[in-house]
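One structure below.
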Amino acid sequence: MTEERRPQPNQGTGEGLRLEASFALIRGAAEERRFLSYGEVAAASGLPWNAARRRMDPHLFALCRWATERGWPLLSAIVVDKHSVAHGAMRGRPLIGFARAAERAGRIIGGDAAAFLAEEQQRVFAWAEKERGHVLYA
Numbered sequence: 003m004t005e006e007r008r009p010q011p012n013q014g015t016g017e018g019l020r021l022e023a024s025f026a027l028i029r030g031a032a033e034e035r036r037f038l039s040y041g042e043v044a045a046a047s048g049l050p051w052n053a054a055r056r057r058m059d060p061h062l063f064a065l066c067r068w069a070t071e072r073g074w075p076l077l078s079a080i081v082v083d084k085h086s087v088a089h090g091a092m093r094g095r096p097l098i099g100f101a102r103a104a105e106r107a108g109r110i111i112g113g114d115a116a117a118f119l120a121e122e123q124q125r126v127f128a129w130a131e132k133e134r135g136h137v138l139y140a
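The structure is reproduced here in structure tokens:
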């Protein structure tokens with residue numbers, strides 16, 4: 003049995019945003035099958051959006067890389083811009099950023115980034131349901 007390693011606070015994320023806090027927030031939202039805003043992720047680390055904005059992309063990529071190493075879906079798929087929280091569908095820059103992070107994490111997007119995002123969001127929700135109640139890091 004391999005030992006799960008806890009995400010390291012601030013590892014590769016820039017000062018302030020904490021992987022452990024983001025993971026806990028995303029996991030909880032995924033168990034409720036709901037989407038989160040980038041601002042909610044910032045707040046989970048005790049930061050206002052304006053202080054976290056430039057750090058968010060590298061932070062979410064680090065979270066995706068950490069999840070990919072464990073065979074999990076791209077957890078940041080359910081983190082969307084504030085206008086998309088109700089439905090999860092992203093367009094424009096947020097969608098492009100997610101697709102680039104997915105490719106950097108070794109995922110193949112195909113020709114339709116929006117469809118890939120929707121599929122990955124469903125994978126995150128299914129993962130959360132499957133892992134409900136399990137300790138995923140020590």
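Heads up, the sequence shown stops at 140 in the working numbering, and the numbers go up one at a time, no gaps.
Think of the CB as a built atom: it goes at the ideal place given N, C-alpha and C, for glycine as much as any other residue.
According to DSSP, is residue i helix, strand or coil?
{"i": "Val87", "result": "coil"}
{"i": "Leu119", "result": "helix"}
{"i": "Ala128", "result": "helix"}
{"i": "Ser47", "result": "coil"}
{"i": "Leu38", "result": "strand"}
{"i": "Arg134", "result": "coil"}
{"i": "Pro11", "result": "Interpretation of Pro11 is limited by its pLDDT of 43, a score under 50 that renders its predicted location unreliable; the figure taken from the coordinates is listed afterwards. Pro11: coil per DSSP, three-state reduction."}
{"i": "Ala140", "result": "Low confidence applies to Ala140: its pLDDT is 43, below 50, so where it sits in the model is not reliable, and the reading given next is rough at best. Looking at Ala140 - three-state DSSP - the assignment turns out to be coil, as it is neither helix nor strand."}
Looking only at its own chain, which residues have a Cβ that is under 7 Å from the Cβ of residue i, when we skip the five neighbours before and after it?
{"i": "Lys132", "result": "none"}
{"i": "Arg29", "result": "Ala130"}
{"i": "Arg35", "result": "Phe127"}
{"i": "Arg125", "result": "Pro75"}
Assuming residue i contacts residue j under a Cβ cut-off of 8 Å, what Cβ separation, rounded to an integer in Å, is found between them?
{"i": "Phe25", "j": "Leu65", "result": "7 Å"}
What does a CB cutoff of less than 8 Å around residue i pick up in its chain, not counting 5 residues either side in sequence?
{"i": "Leu19", "result": "Asn12, Val43, Ala44, Ser47, Leu49, Ala54, Arg57, Met58 and His61"}
{"i": "Ile98", "result": "Ala115"}
Which residues in the same chain as residue i place their Cβ atom closer than 6 Å to its Cβ, once the five residues preceding and following it in sequence are excluded?
{"i": "Ala101", "result": "Ile111 and Ala115"}
{"i": "Trp51", "result": "Gly41 and Ala44"}
{"i": "Ala107", "result": "Cys66, Arg67 and Thr70"}
{"i": "Ala23", "result": "Ala46 and Ser47"}
Where do the ends of the alpha helix (DSSP H) carrying residue i lie?
{"i": "Pro96", "result": "Gly94 to Arg106"}
{"i": "Ser24", "result": "Leu21 to Glu33"}
Thinking C-alpha only, which one of the options is nearest residue i?
{"i": "Ala69", "options": "Glu121, Ala91 and Arg109", "result": "Arg109"}
{"i": "Leu21", "options": "Ser86, Leu77, Phe118 and Lys84", "result": "Leu77"}
{"i": "Pro96", "options": "Phe63, Gly30, Arg134 and Arg29", "result": "Phe63"}
{"i": "Lys84", "options": "Glu33, Glu121, Ser39 and Ala32", "result": "Ser39"}
{"i": "Ile80", "options": "Trp74, Ala91, Gly73 and Arg72", "result": "Ala91"}
{"i": "Val87", "options": "Gly135, Arg134, Ala23 and Gln123", "result": "Gln123"}
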